[in-house]
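What follows is a short report on a single structure.
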Amino acid sequence: MKNKYIVLSILVLSTLAFGANADSAIWGKELIPNILGYDKEGSLHLGYLFTLLQGTYFKPVFLGVLLGVPAVFFIHYMIIGPMIFSHDRKKIYVFTLFNRIIHAIAGIAFMLLIPTGLVMMFGTTFGGGEFVRACKEIHAISTLLFIVSIFPMFTMWVRWMFVHWDDFKWLMIVGGYLNKNKKPVPAGKFNAGQKMWFWLATLGGIVMIGTGAVMYFQDFKLGILVEYGISQIDFLRASALVHNILGMAVLALFMTHVYMSVFAIKGAIHSIITGYKEEEEVEILHSSFYKKLKKQNKI
């Protein structure tokens, strides 16, 4: 047993020394699993895929998202510019105080979770050590904050988040953000982009909470999963892969959400602070919702 772990240590140190490349992927597929017995018949055989993605692809893709999405928005802002709506008309009450509090809690959680998650992803770049470990603990604490917000956020907004014919129309014109014309955009209270972010942040967030917990509390008993041939290392690898793939999507859509609310629509951020949207903004960007309010004599 002692010799087994000596050999394993040599292999792991060699991988770190020579970098994550095709050879290390082979180790993930063949050598290390065979030493530990983790790639036996009946397992998920995730060694090769895990080593390949974690060691070769995830970091550059995360970096591409982190730099690429803001670059696209910068170009959009310079060429198209922000949408500006009149502040002289009526204001429409859209978000209740409860909505705004829950959204604020979720926003704070995301602003802590995303940078600390990126620090852990690029831990070696930051030199490891206390800083990365501190980010890991902040990430865990922020998850608790996110849990507080995710369930009320889901229940208070889910009824507006189901797919509607307007969403396909919205996608066809990219929400009207590619021109400066103030033409009514087909959208309800929430547009297709906001709906995508909602489902990713809530249902995707629940999955990330679960997979994150698996990675944080690594020393646990699988119980019934063992009966189906899923070993602890299988479960950990699968959790890490799912967590990172969802993390890329969360990073991209969170930056999109921030850009749209802070920069793309001038003054839009105030609606989630005060609860009120400008009438012209609702009339143009949420035209179906505006028509419904007019029909109900709520404007």
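Each residue of the sequence shown is one higher than the one before, counting from 153 in the numbering used here. Cβ atoms here follow ideal geometry from the backbone N, Cα and C, with glycine treated the same way.
| query | result |
| --- | --- |
| How many angstroms separate the CA atom of LYS450 from the CA atom of HIS395? | 43 Å |
| By the 10 Å Cβ neighbour count, where 16 or more other Cβ atoms means buried, how is SER238 classified, buried or exposed? | exposed |
| Buried or exposed, going by whether 16 or more other CB atoms sit within 10 Å of the CB of LEU296? | exposed |
| When the Cα of LYS326 is compared with those of GLN346, PHE250, ALA261, TYR245, which residue comes out closest? | Per the sequence presented here, residue 326 reads as Val, with Lys not at that position. Nearest C-alpha to VAL326: GLN346. |
| Let me know the secondary structure DSSP gives LYS288 once reduced to three states. | helix |
| Is TYR329 helix, strand or coil by DSSP? | coil |
| Between PHE350, GLU282, MET407, which lies nearest to TRP312 when the distance is taken from Cα to Cα? | PHE350 |
| Within a Cβ cutoff of 6 Å, which residues of the same chain sit near ILE236, ignoring the five residues on either side of it in sequence? | LYS418 |
| Using the Cα positions of LEU188 and TYR368, report the straight-line distance between them to the nearest angstrom. | Here LEU188 scores only 39 on pLDDT, less than 50, and its place in the model should not be relied on; the value that follows carries that caveat. Each residue's alpha carbon lies about 21 Å from the other. |
| TRP317: buried (16+ other C-beta within 10 angstroms of its C-beta) or exposed? | exposed |
| Quick one: measure Cβ to Cβ for PHE441 and LYS321, integer angstroms, because I've assumed they're closer than 8 Å. | Between LYS321 and PHE441 the Cβ distance is about 14 Å, and since that is not below 8 Å, they are no contact. |
| Measure the C-alpha to C-alpha separation of TYR245 and LEU204 and round it to an integer number of angstroms. | 50 Å |
| When we look at the beta-carbon of ILE299 and count the other beta-carbons within 10 Å, is it buried (16 or more) or exposed? | exposed |
| Can you list, in chain order, the stretches of the alpha helix (DSSP H) that have 4 or more residues and sit fully within the segment 191 to 254? | 199 to 204, 210 to 231 |
| Which residues bound the alpha helix (DSSP H) around LYS321? | 317 to 324 |
| What separation, rounded to the nearest whole angstrom, lies between the Cα atoms of PHE247 and HIS438? | 14 Å |
| Cβ atoms of VAL217 and MET400: under 8 Å apart, would you say? | yes |
| Hey, could you find the ends of the alpha helix (DSSP H) LYS429 is sitting in? | No alpha helix (DSSP H) holds LYS429; the beta strand (DSSP E) holding it covers 428 to 430. |
| Hey, PHE406 and PHE274 are a contact pair by Cβ (cut 8 Å); roughly how many whole angstroms apart? | Their Cβ separation, rounded to whole angstroms, is 17 Å, which puts PHE406 and PHE274 out of contact at 8 Å. |
| Measure the Cβ-Cβ separation of MET305 and ILE254 and say whether it is below 8 Å. | yes |
| Is ALA256 buried or exposed, if buried means 16 or more other CB atoms sit within 10 Å of its CB? | exposed |
| Less than 8 Å separating the beta-carbons of VAL310 and CYS287? | no |
| What distance in whole Å lies between the Cβ atoms of THR354 and ILE302, which are believed to be in contact at a cut-off of 8 Å? | 6 Å |
| Mapping the DSSP letters down to three states, classify ILE358 as helix, strand or coil. | helix |
| Expressed to the nearest angstrom, what Euclidean distance is found between the alpha-carbon atoms of ARG252 and SER413? | 14 Å |
| Between GLU282, GLY357, ASN331, ALA390, which has its C-alpha nearest VAL366's C-alpha? | ALA390 |
| How would you label GLY356, buried or exposed, when you count the other beta carbons within 10 angstroms and need 16 or more for buried? | buried |
| Assuming ALA420 contacts GLN206 (C-beta within less than 8 Å), just tell me the rounded distance between them. | Rounded, the Cβ-Cβ distance is 38 Å, inconsistent with contact. |
| Under 7 Å Cβ to Cβ from LEU198, same chain only, skipping five residues before and after it: list those, please. | ASP386, ARG389, ALA390 |
| Which residues in the same chain as LEU352 place their Cβ atom closer than 7 Å to its Cβ, once the five residues preceding and following it in sequence are excluded? | ALA401, VAL402, LEU405 |
| Can the beta-carbon of TYR428 be found closer than 8 Å to that of LYS243? | yes |
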